[in-house]
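Engineer: Numbering (the numbering used here), first residue to last: 806 to 936. For glycine and all other residues, C-beta sits at the position ideal for the given N, C-alpha and C.
Right, dumping it as structure tokens:
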């Protein structure tokens with residue numbers, strides 16, 4: 806499709822992309838018809854690109870966490886340097902989704918007591934034991 810995907814759970818979104826890719830390969834689907842934009846005529850390549858893009862962003866956030874624990878907004882500001890302040894809120898939401906995916910995969914921990922992931926301080930599991 807065209808534009809930016811909007812989702813509530815990056816883990817579920819990534820799983821759905823993997824399921825679609827599997828269906829495309831197994832059922833030899835040659836076209837995808839998104840709700841917006843042109844027909845996609847190379848669905849395997851498109852889906853692999855979507856997956857790779859999200860995975861790359863997740864790894865960038867993981868690598869920033871290895872420097873030290875920080876909030877989603879602090880990570881977003883480092884990751885999206887030069888992005889205007891009026892777009893940082895959206896970048897923070899995307900960063901939070903990646904942090905929640907890392908948490909789901911056991912690769913990140915909330916190191917503060919707040920239940921709101923956007924307000925939490927995040928760290929790597931091996932770093933949290935030394936805090």
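Enumerate in chain order the residues of its own chain whose CB-to-CB distance from residue 846 is below 8 Å, with the five nearest sequence positions on each side excluded.
Structural biologist: Same-chain partners within the cutoff: 835, 836.
Engineer: I need the straight-line Cα distance from residue 930 to residue 839, nearest angstrom please.
Structural biologist: Going from the Cα of residue 930 to the Cα of residue 839 covers about 38 Å.
Engineer: Specify, as a first and last residue, the run of the alpha helix (DSSP H) that residue 901 falls within.
Structural biologist: 890-909 is the span of the alpha helix (DSSP H), which, as asked, contains residue 901.
Engineer: I'd like the span of the alpha helix (DSSP H) that includes residue 821, first residue to last.
Structural biologist: Taken as a continuous stretch (DSSP letters only), the alpha helix (DSSP H) holding residue 821 covers 815-831.
Engineer: If you measure between the beta carbons of residue 900 and residue 884, is that distance less than 9 Å?
Structural biologist: In this structure, residue 884 lies closer than 9 Å to residue 900 by Cβ.
Engineer: Going by the beta-carbon positions, is the gap between residue 925 and residue 915 smaller than 9 Å?
Structural biologist: Result yes, Cβ atoms of residue 925 and residue 915 sit closer than 9 Å.
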